[in-house]
Amino acid sequence: MSLRSLLSYAHDDGAVNALASAAAPGAHERAFVSASMRPYLLAALLDADPARPALVVAGDDRAARDLAADLKAFLAPRLVRFYPARGVRYESHLAPPPHLVGLRVAALDALLEGASADTGAAVVVASAAALCEKVPDPELRPHGFTIERGGLLDLDETAAQLVACGYER
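Going by the numbering used here, the first residue of the sequence shown is number 92, and it counts up by one from there.
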């Protein structure tokens with residue numbers, strides 16, 4: 092269920108508009124908002140300029156995940172992605188869990204894609220720890236591909252693309 096219609100109340104509120112002006116690029120204002128109102132207020136500020144991509148930083152992965160879920164409810168159909176920490180350090184030589192790799196790649200790709208005419212630019216919610224981690228060279232990242240419903244597939248080509256994405260036969 093989308094909560095986007097509730098954002099019109101925030102856009103009509105003078106205090107929210109004043110905060111949006113104070114949060115303009117280059118401004119150095121701070122606002123202290125209760126935890127229960129934070130997703131709603133952030134969604135209202137982000138909705139003011141849907142063509143502008145946004146990076147929202149939370150204290151830890153759990154808070155970032157929860158905030159991303161809340162922002163999805165308010166900003167749908169705008170794309171909101173969660174950028175988690177890897178879960179393991181690069182120096183450990185352990186591979187991070189595949190689902191975390193997928194979430195990280197999806198968030199980075201969403202920022203690279205830019206704004207869509209239908210949905211606007213992506214919003215990425217990350218923890219401070221996730222932002223402190225190294226990001227590998229884009230050439231080393233796995234790239235996805237799209238399969239369209241009702242489209243024809245070349246099985247050999249699809250198998251090759253799946254192998255390029257890291258799947259094994």
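For every residue, glycine included, the Cβ atom is placed at its ideal position computed from N, Cα and C.
Whether residue i touches residue j by CB criterion (8 Å)
| i | j | result |
| --- | --- | --- |
| A145 | F173 | no |
| P116 | G211 | no |
| A159 | E224 | no |
| G235 | C256 | yes |
| E120 | A113 | yes |
| L94 | F165 | yes |
| A149 | L98 | no |
| L170 | A201 | yes |
| L162 | L133 | yes |
As assigned by DSSP and simplified to three states, the class of residue i
| i | result |
| --- | --- |
| A154 | helix |
| S218 | strand |
Among the options, nearest to residue i - alpha-carbon criterion
| i | options | result |
| --- | --- | --- |
| A197 | A213, R129, D152 | A213 |
| M237 | P229, E248, E230, D228 | The sequence given here places Thr at residue 237; Met does not occur at that position. Ranking P229, E248, E230, D228 by Cα distance to T237 puts E248 first. |
| Y258 | A101, G193, Y100 | G193 |
| V216 | P227, P188, R195, Y181 | R195 |
Cβ-based burial, residue i [other Cβ within 10 Å; buried from 16]
| i | result |
| --- | --- |
| L243 | exposed |
| L203 | exposed |
| F123 | exposed |
| L222 | exposed |
| R143 | exposed |
| A251 | exposed |
| D153 | According to the sequence provided, residue 153 is Arg. The question's Asp does not apply to it. Answer is exposed; the Cβ neighbour count stays below 16. |
Beta strand (DSSP E) runs contained entirely in the region 158-209, provided each spans 3 or more residues: 171-174
Uninterrupted beta strand (DSSP E) stretches inside the region 105-151 (no shorter than 3 residues): 145-149
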